[in-house]
Amino acid sequence: RKIHPVFAVILAIVFLTLGEFFMLFMLFLPKAETLLMKAIYSDIEMILTFGGAVFFVFLWVRFVEKRSISSIGFWRNQWIRKYLRGALLGFVFISIPVMILLLTGIVQLQMQQITPTTIIGIVGSLVAFLIQGATEEIVVRGWLFPVLSVRSRIWIGIVVTSFLFGFLHLLNPGITILSISNIILVGVFAAFYALKDSSLWGICAWHSIWNWAQYNVFGFAVSGMVMYSTPLFKPVTNGSEVLHGGSFGIEGSIITTIMLSIASIVLWRQLWGRKEKQRDLS
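Quick note: the sequence shown uses my numbering, first residue 35, plus one each step.
Here it is in structure tokens:
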């Protein structure tokens with residue numbers, strides 16, 4: 035079923051907004067007194083918010099569009115391999131700018147004390163980010179991107195979803211022109227990745243691990259957001275924020291810009307010229 039592009043964009047935002055209502059459940063929980071409980075509550079809040087958004091997307095796809103959930107990109111063919119590969123690539127991608135900053139002395143990583151509380155916080159955060167990363171991909175790349183591309187051209191779907199992805203982060207703490215540009219670049223890369231992989235499994239895992247490792251492994255803020263859990267490392271930064279991202283985190287670094295640009299160009303060249311270049315993920 036073809037949906038007007040403007041309505042589709044609005045509906046995508048509505049899906050994400052409706053998920054916020056699931057946070058009302060938090061009102062029934064006792065007040066968090068310890069840092070661990072605050073971390074657990076933060077994870078629950080993320081799971082409820084983004085899980086709620088996915089719930090509404092699935093309802094829309096199944097009962098309004100009357101198609102299967104797998105049609106938004108969750109094909110069973112080699113899904114485990116694609117998911118694990120995406121997770122590995124997500125960790126490698128976020129590690130590249132961090133390693134460059136380490137080698138140039140712009141960042142130093144201080145090992146934190148590892149306790150059972152630390153492990154619980156990191157594992158809980160992983161579960162939350164697996165939901166969060168997948169949700170953003172389901173809404174933006176799995177549902178909205180094909181809907182827009184069917185009504186126009188595939189490049190319009192890529193541009194609109196990438197800028198919408200950036201728009202959704204405009205109110206994040208520490209936002210800069212460079213960091214918002216990088217978020218848009220992530221959107222472009224994610225669209226190319228989904229097209230190249232012919233599914234959502236890989237990019238869902240990539241997005242989740244990319245976000246999770248930023249803070250829980252390397253200690254950087256995630257798009258300006260700082261978690262309650264204790265990361266494995268604490269970064270000590272030197273030099274310009276353009277290089278290390280400042281309070282926004284590694285996603286605000288020019289090194290991340292270069293890496294994402296190269297990765298996107300590589301995927302674009304692999305996709306360009308394919309007979310099925312305009313393949314509809316749905």
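Every residue gets a Cβ at the ideal spot worked out from N, C-alpha and C, and that includes glycine.
Quick one: complete alpha helix (DSSP H) runs, 4+ long, within the region 55-79?
none
Cβ-heavy atom distance, residue 89 to the ligand SAM, below 7 Å:
Absence of the ligand SAM is noted for the structure shown, with no ligands found whatsoever.
Taking just the CA atoms, how far does residue 73 sit from residue 159?
8 Å
Taking its Cβ as the centre, do 16 or more other Cβ atoms sit within 10 Å of residue 310, making it buried, or is it exposed?
Only weak support exists for where residue 310 lies, its pLDDT of 48 falling under 50; the coordinates are left without a value.
Quickly, what does DSSP pair residue 269 with across the bridge? List them, please.
143
Identify every residue that forms a DSSP beta bridge with residue 256.
259
Report the residue from 262, 247, 98 whose alpha carbon sits nearest the alpha carbon of residue 124.
247
Alpha carbon to alpha carbon, what distance is there between residue 77 and residue 161?
8 Å
Anticipated Cβ contact below 8 Å, residue 225 with residue 121, distance rounded
Not really, about 19 Å apart at Cβ, beyond 8 Å.
Among residues of its own chain, excluding the 5 on either side of residue 151, which ones have a beta-carbon nearer than 6 Å to its beta-carbon?
70
Select from 95, 200, 48 the residue whose C-alpha is nearest the C-alpha of residue 36.
95
Between the CA atoms of residue 93 and residue 177 - distance to the nearest angstrom:
12 Å
Secondary structure at residue 171, three-state DSSP: helix, strand or coil?
helix
Have a look at residue 260 and residue 254 and give me their C-alpha separation to the nearest angstrom.
8 Å
Look at the alpha carbon of residue 86 and the alpha carbon of residue 131, and state the distance between them as a whole number of angstroms.
33 Å
State buried or exposed for residue 312, treating a residue as buried only when at least 16 other CB atoms are found within 10 Å of its CB.
Legend: pLDDT at residue 312 = 47, less than 50; position of this residue unreliable, no value from coordinates given.
On the CB-based measure, 16 or more other CB atoms within 10 Å of its CB, does residue 101 come out buried or exposed?
exposed
Note down the Cα distance separating residue 133 from residue 298, rounded to an integer number of angstroms.
20 Å
Helix, strand or coil for residue 45 per DSSP?
helix
What residue from 237, 118, 250, 213 has the CA that sits closest to residue 155's CA?
250
By alpha-carbon positions, which one of 139, 212, 170 ends up nearest to residue 106?
170
In or out: residue 149 buried (at least 16 other Cβ within 10 Å) or exposed?
exposed
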